Amino acid sequence: MNRETNTHTPAEAFPLVPMEQAADELLIKRSLKGDYEAFNHLTRRYMNAVFSIAVRMLRHREDAEDVVQQTFLAALENLHQFRFEAAFSTWLIRIATNKCLKLIKKRKKASEVKSLNEDTEESWEMNSLPDAVSAMAQSPEELVHNSEIRVMWQKALSQLSETYRPVYILRDIQGFSTAETAEMLQVSESNVKIRLMRARLTLQKKISQALNKGKTPP
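Under my numbering, think of the first position of the sequence shown as -9, with each following residue one higher.
Shown next, in the form of C-alpha cells:
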C-alpha cells in the first residue's frame, strides 16, 4: 500500500513569529521569497533612522524624504546581495549615506547648495545638543542663550565638508560605533577617528568664534 508523500515545506523553515517581533534575518529571508509584507516591516523598522541621518546630511526635508524612498527601493532591488555579515541596519545606512553624498556632489556641480534657514531646528527634528557642545557654555549668560548656541551648532554642522559631516553625524549624533561607521562609509576605523577628531575641532572653533563675536567688549 502506497503511503502519501509529504510535499509541504517544513514548519521550521519560517517559524511562526509575529512580524513585529521577527528578527531582521527572518524578515529578509521572507522578503527574498517574495513576501513583500515582510519587507514592509523592515521598512517601518528602519525608516526613522534612515530619515534622521539623511535630513541631517542634506539639511533639506524633501530631499531627505526622496533619499529614504530611494534607499529602500535600492535595498529591495539588491536584497539578494546582502550577506548577513554585518547588521542589516548598517547595510541600509551605507546605501542612504552614499545616496546623500551623491546628491550633495550633484548640488555643488549645479551650484544649488541650499543655505541654512530659520526653520532648520524644526525640520531637522533635533531634540538635544551633543554633550560636547552643551559643555562649551562656560557662563550663566551662555547657558541662558542655549538656543543661540544650538543655532550656531546647526550652522557650523551645515558648513562641515562632506568628508567630515557624515562621520560626525553617524558617530556623535546617531551614536554608531567606530567600527559601524567605518563599515557604513567603507573607510578604515583609523580614518573615521581622524575625520571625527577634525570635525569636532572644526565645530568647536566655529562655535567659539561665533560666541566671541557676539560678546560685548568690556
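Glycine included, each C-beta is placed from N, C-alpha and C at the ideal position. No experiment lies behind these values; they were computed from the predicted model shown.
Return the residue from the list the options that minimises the CA-CA distance to residue i.
i: Q59; options: M142, L16 and F41; result: F41
i: M37; options: F62, D53 and E15; result: F62
i: L48; options: K89, K23 and A77; result: K89
i: T80; options: Y154, L160, D25 and K96; result: L160
i: R84; options: R190, I43, Y26 and L191; result: I43
i: Y154; options: A39, Q71 and R188; result: R188
i: E15; options: K183, F74 and V57; result: F74
i: R214; options: M142, H50, I139 and Q71; result: Examination of residue 214 is not possible in this model, given that the chain is present from -9 through 208 alone.
i: E170; options: K195, R35, A76 and F72; result: A76
i: Q213; options: L175, V182, S180 and M142; result: Outside the shown range of the chain (-9 to 208) lies residue 213, about which nothing can therefore be said.
i: P156; options: T87, K195 and K99; result: T87
Leaving aside the five residues before and after residue i along the sequence, list all residues of the same chain whose C-beta is less than 6 Å from its C-beta, in chain order.
i: L17; result: A28, H31 and L32
i: S137; result: none
i: Q149; result: none
Starting from the C-beta of residue i, find all residues in its chain whose C-beta is less than 8 Å away, skip the five residues before and the five after it, and write them out in chain order.
i: S286; result: Any property of residue 286 remains undetermined from this structure, which presents the chain solely from -9 to 208.
i: S178; result: A172
i: K183; result: T168
For residue i, does the three-state DSSP call read helix, strand or coil?
i: D25; result: coil
i: R49; result: coil
i: E68; result: The identity of residue 68 in the sequence shown is Asn, whereas the question assumes Glu. Here N68 sits in coil by DSSP.
i: E170; result: helix
i: A77; result: coil
i: T192; result: helix
i: Q144; result: helix
i: A13; result: coil
i: S198; result: helix
i: S178; result: coil
i: Y154; result: coil
i: Q164; result: coil
State yes or no: is the beta carbon of residue i nearer than 7 Å to at least one beta carbon in chain D?
i: E55; result: Checking the listed chains, one finds no chain D in this structure; it contains a single protein chain.
Is it right to say residue i is buried, meaning 16 or more other beta carbons lie within 10 angstroms of its own, or is it exposed?
i: E152; result: exposed
i: R185; result: buried
i: L93; result: buried
i: A12; result: buried
i: D109; result: Per-residue confidence for D109 stands at a pLDDT of 44, beneath the threshold of 50, marking its modelled position as unreliable; the derived number appears in the next sentence. Exposed: under 16 other Cβ atoms inside 10 Å.
i: Q176; result: exposed
i: Q71; result: exposed
Report back the beta-carbon spacing between residue i and residue j to the nearest angstrom; my notes put them in contact at under 8 Å.
i: L201; j: L147; result: Not confirmed; about 16 Å, so no contact.
Near residue i, what residues of its chain come up, given a Cβ to Cβ distance below 7 Å and the 5 sequence neighbours on each side ignored?
i: A54; result: F41, A44, V45 and L48
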